[in-house]
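Worksheet: one structure, shown below.
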Amino acid sequence: MKRPLALMLVVGSVLAMASLVHAQAGSARGQASGQAVATAQAAQGRVSSDASATATANAEADADFAKLKQQVENRASRVSADARARAEARFEATVKRADDAAAKSGSEVGGRLAKEFDMTASAFADEKTELGASWGELMIAHTLSANSKVEVTAQQLFQLRKDGMGWGQIAAGLGFNLGDAVSAVNAEGRVAGGEARADGKVAVIHGEGAKAGLGMNAGAGAGLKAGRGAGVGAGAGLGVGVKIGH
145 MKRPLALMLV
155 VGSVLAMASL
165 VHAQAGSARG
175 QASGQAVATA
185 QAAQGRVSSD
195 ASATATANAE
205 ADADFAKLKQ
215 QVENRASRVS
225 ADARARAEAR
235 FEATVKRADD
245 AAAKSGSEVG
255 GRLAKEFDMT
265 ASAFADEKTE
275 LGASWGELMI
285 AHTLSANSKV
295 EVTAQQLFQL
305 RKDGMGWGQI
315 AAGLGFNLGD
325 AVSAVNAEGR
335 VAGGEARADG
345 KVAVIHGEGA
355 KAGLGMNAGA
365 GAGLKAGRGA
375 GVGAGAGLGV
385 GVKIGH
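The opening position of the sequence shown corresponds to residue 145 in the numbering used here, with each subsequent residue numbered one higher.
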C-alpha cells in the first residue's frame with residue numbers, strides 16, 4: 145500500500161508542477177501580449193501625433209506662402225508693367241548665358257555657383273534636381289533670396305514662378321530696385337560663366353525690401369563683379385539708378 149501512495153504523491157507533485165509551469169507560461173504570454181498591445185498603441189499614437197504635426201506644419205507653410213504671394217503681387221503692382229517686362233527680358237538673357245555655359249561644363253558652373261551661395265556642390269545640384277530648375281534660374285532665385293529682407297526660399301520663389309509670375313514681377317514684388325536686381329543677377333551670371341571669381345559674396349541689391357547690411361558683408365567684391373559693365377546698361381534702360389559701389 146505504501147508504493148501506490150508514494151506513486152500518487154509523485155504524480156500529484158508532477159501535476160502540481162505542470163500546473164504551475166502552465167500558469168506561469170500563461171502569465172508570461174499575457175504579459176507579452178499586453179506589452180505588444182501597449183507597444184502597438186504607443187506606435188499608433190506616435191504616428192497619429194506625427195501626422196497631426198505634419199498636417200499643422202503644411203497648413204502653416206501654405207498660409208505663409210499665400211501671404212508672401214499676396215505681398216509680392218501687391219508690391220509688384222506698384223511698378224509699371226513695362227519696367228517689369230524689361231527687367232524680365234534681361235533676367236532671361238542672363239539665364240540663357242548661364243545655361244549656355246552650363247551646357248559646355250555643367251559641373252563647373254554648378255560648382256562655382258554653389259561656392260558663391262555658400263552651399264556644397266552636391267546640395268546645390270540636389271536642389272536643382274528637386275526644383276526642376278536650370279542653373280541660371282537657380283542662380284536668380286538664390287540672388288534674390290540672399291538679398292531679401294523677408295525670409296524667402298528658392299523653393300518658394302519657384303512656386304511663384306509656377307503660379308505664373310516672371311522674375312521681373314517677383315523682384316519688384318520683393319521690393320527691390322529693378323536696376324540693382326538686373327545688375328546683381330548679371331554679376332552672378334559672370335560668376336557662373338567663370339568671368340568673375342566665386343567668393344561667397346553675393347552681389348548686392350538695394351530697395352525697400354532689401355536686407356540691411358548685406359552690402360557691408362559682401363564688401364567691395366560684389367561691387368567689382370557688378371562694375372565691369374555687366375549690369376550698368378541694363379539698369380539704365382529701366383529708368384532706375386544702378387548702384388555699383390558699396
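Backbone N, C-alpha and C define an ideal beta-carbon position, used for all residues, glycine too.
Quick caveat: nothing in here was measured; it's all calculated off a predicted structure.
What span of residues does the alpha helix (DSSP H) with residue i cover, start to end?
i: Lys-306; result: 298–306
i: Ser-221; result: That residue, Ser-221, is in no alpha helix (DSSP H); it is neither H nor E in DSSP.
i: Glu-339; result: Premise fails: Glu-339 is in no alpha helix (DSSP H) and is neither H nor E.
i: Ile-314; result: 311–317
i: Phe-261; result: Note, Phe-261: premise wrong, no alpha helix (DSSP H); not H, not E.
i: Ser-266; result: 265–275
Does any CB atom of chain B fall closer than 8 Å to the CB of residue i?
i: Gly-353; result: This model lacks chain B altogether, as it is built from one protein chain only.
According to DSSP, what are the bridge partners of residue i?
i: Ala-247; result: The partner list for Ala-247 (beta bridge, DSSP) is empty, contrary to what the question assumes.
i: Ala-229; result: In the DSSP output, where bridge partners are listed per residue, Ala-229 has none listed.
i: Ala-354; result: Ser-292
Can you check whether the CB of residue j is closer than 8 Å to the CB of residue i?
i: Leu-322; j: Ala-315; result: yes
i: Gly-357; j: Val-294; result: no
i: Leu-318; j: Val-216; result: yes
i: Phe-261; j: Ala-290; result: yes
i: Ala-347; j: Thr-287; result: yes
i: Val-239; j: Ala-246; result: no
i: Lys-272; j: Ala-342; result: no
i: Gly-280; j: Phe-320; result: no
i: Arg-228; j: Val-326; result: no
i: Ser-266; j: Lys-355; result: no
i: Ala-242; j: Gly-333; result: yes
Please list, in chain order, all residues of the same chain as residue i whose beta carbon is under 8 Å from its beta carbon, the five residues on each side excluded.
i: Glu-437; result: The first residue shown for the chain is 145 and the last is 390, placing residue 437 beyond what the model contains.
i: Ala-362; result: Only weak support is given to the placement of Ala-362: the predicted model assigns it a pLDDT of 41, under 50, and the value that follows is read from those uncertain coordinates. Taken in chain order, the residues that qualify are Lys-345, Val-346, Ala-347, Val-348, His-390.
i: Gly-250; result: Trp-279
i: Asp-244; result: none
Residues in the same chain with beta-carbon distance under 7 Å from residue i, minus the five sequence neighbours each way, listed in chain order, please.
i: Ser-193; result: none
i: Phe-209; result: Gln-300, Gln-303
i: Gly-255; result: Ala-265
i: Val-384; result: Summary for Val-384: the model assigns pLDDT 37, below 50, so the residue's position carries little reliability; its value from the coordinates is reported in the next sentence. These residues qualify, in order along the chain: Asn-321, Leu-322, Gly-323.
Please go through the same chain and pick out, in chain order, the residues whose beta-carbon is closer than 6 Å to the beta-carbon of residue i, but skip the five residues on each side of it.
i: Gln-214; result: none
i: Ala-285; result: Ala-298, Leu-301
i: Leu-257; result: Met-283, Ala-336
i: Val-296; result: Ser-289
i: Val-223; result: Ala-316
- Message: Count Cβ pairs between the region 300–310 and the region 330–348 that sit closer than 8 Å; are there 3 or more?
- Response: no
- Report yes or no: do the region 263–277 and the region 197–210 share at least 3 C-beta pairs separated by less than 8 Å? no
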